[in-house]
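Beneath this line is the structure, given in structure tokens, with notes to follow.
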């Protein structure tokens with residue numbers, strides 16, 4: 003059995019500079035644990051079969067749904083229910099952690115220049 007060690011989330015953020023490019027830092031129960039840096043806004047999209055959890059590690063993130071906007075601050079998380087069209091808009095530079103099924107589409111049903119088809123693993127040690 004592989005020895006499991008604690009993972010320092012902030013150290014993982016220091017390993018990359020790309021924005022809107024989630025990096026895998028762990029796996030459990032068919033899920034990826036990802037970290038991502040955000041700046042500027044994202045595209046409107048939805049995920050037909052998956053809820054989406056956004057946990058803010060640093061900064062402030064506005065999650066826009068067609069009928070409301072939810073502000074999520076560092077140390078908080080928000081779950082967008084499956085099928086809900088949404089767009090995330092960071093206030094400045096934001097760092098988030100995501101817990102998502104391994105096969106989730108990055109931009110859901112929307113394809114754009116920021117859509118990622120596969121995600122890189124950061125060193126899992």
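In our numbering, the protein residues as written are 3 to 127. C-beta atoms are modelled at their ideal positions from N, C-alpha and C, and glycine is treated no differently. Source: prediction; values computed, not measured.
Can you check DSSP and say which residues form a bridge with residue 35?
Position 33 of the chain shown holds residue 35. Partner(s): 28, 101.
When you compare each of 53, 44, 86, 23 to residue 64 by their alpha carbons, which one comes out closest?
Here the question's residue 64 lines up with position 62 in the chain shown. Here the closest residue by C-alpha is 44.
Please classify residue 56: does DSSP put it in a helix, a strand, or coil?
Translated into positions along the chain shown, residue 56 becomes position 54. In this structure, residue 56 counts as strand in the three-state DSSP scheme.
Same chain, Cβ closer than 8 Å to residue 87, neighbours up to 5 away in sequence not counted
Along the chain shown, one-based indexing puts residue 87 at 85. 46, 47, 48, 67, 68, listed in sequence order.
Unbroken alpha helix (DSSP H) run spanning residue 14, endpoints
The sequence position of residue 14 within the chain shown is 12, counting from 1. Residue 14: member of the alpha helix (DSSP H) spanning 11-15, first to last residue.
DSSP state of residue 23, grouped into three classes?
The count along the chain shown starts at 1 and reaches residue 23 at position 21. Three-state result, residue 23: coil.
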